[in-house]
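Read the structure below first, then the notes.
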Amino acid sequence: MTINHSKTVIMHFCTSSVPVPPPQLTVGPHPLKVVRCAKLLGVTVDDQLTWKQHVASTVRSATYRLYMLRRLRSLGTPTDELSGVYLTFILPKLMYASPAWSSSLTHIQQVKLESVQKRGCRVILGPAYTTYEETLTTLSLSRISTRHREALEKFGRGLLHHPRLRNMLPPDAPRPVRATRHHNKITPLKAPRTDRYRLSTIPTMVRAINQ
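Counting in my numbering, the sequence shown runs from 33 upward without gaps.
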């Protein structure tokens, strides 16, 4: 593979309290630029893994698409069709690649994502909107945090049964004595030393599957 130096950057991940200089790398005679954040397959990653930039970008993009709902409602589009537009064009923005980042979100970041759906519900129901919880029931929607948790568990179960990607998860737990069936439990990970690791994707996925 030939690496294009103009499309290649360096991101230095370091959690040490003592500043560590990033590596100086080159592609041929071309030195590579060191960046604090970069977009990788549609997900904005920063060198502290805070997901702050990604959430801001996601909220901005999804909020922009709410104009579509407002415009359709002004034209008299029925509520069920507005709900379908939300599920097709706006919700996927809030869910894209969520297993990679949703478990590490702060409470404020979760609220920002949830607020986009709340505004969408207000547009869909208009004057009939009462409370967010009642609206979720009326439109048969789930909270964004619930959808993220379900997507993470579904992704984890897919890895559990994948012939090539199974090694991303810990080994299966041993069967109990005299057991006749496998209980699909994964060997728990060792106690994490930091909250950053405890809330990251793989440990959260293991806990979700075991529960």
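Here a beta-carbon is modelled for each residue, glycine too, at the ideal position from N, C-alpha and C.
Predicted, not measured: the structure shown is a model, and the values here were computed from it.
Backbone secondary structure at A240 - three-state DSSP: The residue you call residue 240 lines up with position 208 of the sequence shown. The answer is helix: DSSP assigns A240 an H, G or I state.
Helix, strand or coil for K125 per DSSP? The residue labelled residue 125 in the question sits at position 93 within the sequence shown. Helix, per DSSP.
Any chance you could list the alpha helix (DSSP H) runs of at least 4 consecutive residues sitting entirely within the region 63 to 135, in chain order? 84 to 106, 111 to 117, 123 to 127 and 130 to 133
Just the Cα atoms here: how many angstroms apart are Q141 and L73? The residue given as residue 141 occupies position 109 in the sequence shown. The residue given as residue 73 occupies position 41 in the sequence shown. Each residue's Cα considered, the two are about 21 Å apart.
Where does I218 sit, in a helix, a strand or coil, going by DSSP? The residue given as residue 218 occupies position 186 in the sequence shown. DSSP places I218 in strand when its eight states are reduced to three.
Quick check on this structure: which residue in R228, P203, D227 and T226 has the alpha carbon closest to the alpha carbon of I241? Taking the first residue of the sequence shown as 1, we reach residue 241 at position 209. Out of R228, P203, D227 and T226, P203 has the C-alpha closest to the C-alpha of I241.
Count the C-beta pairs between the region 101 to 116 and the region 68 to 87 that are closer than 8 Å, then say yes if the count reaches three, no if not. no
Are there 16 or more other CB atoms within 10 angstroms of the CB of M200, so buried, or fewer, so exposed? To locate residue 200, count along the sequence shown from 1; it is residue 168. Exposed.
Rank L145, P61 and T167 by C-alpha distance to the C-alpha of T111 and give the top, closest one. Counted from its first residue, the sequence shown places residue 111 at position 79. When only C-alpha atoms are compared, the closest one is T167.
If we call anything under 9 Å between Cβ atoms a contact, is V67 one with V50? Position 35 of the sequence shown, counted from the start, is the residue given in the question as residue 67. Position 18 of the sequence shown, counted from the start, is the residue given in the question as residue 50. Cβ distance not < 9 Å, so V67 and V50 don't count as in contact.
According to DSSP, is V50 part of a helix, a strand, or is it coil? The residue given as residue 50 occupies position 18 in the sequence shown. Reduced to three states, the DSSP call for V50 is coil.
Throw me the rounded Cβ distance for the K144 and V91 pair, which I believe falls under 8 Å. Mapped onto the sequence shown, residue 144 falls at position 112. Mapped onto the sequence shown, residue 91 falls at position 59. 5 Å between Cβ atoms; contact.
For the alpha helix (DSSP H) containing H44, list its first residue and its last residue. Indexing the sequence shown from 1 puts residue 44 at position 12. Per DSSP, H44 belongs to no alpha helix (DSSP H) and is neither H nor E.
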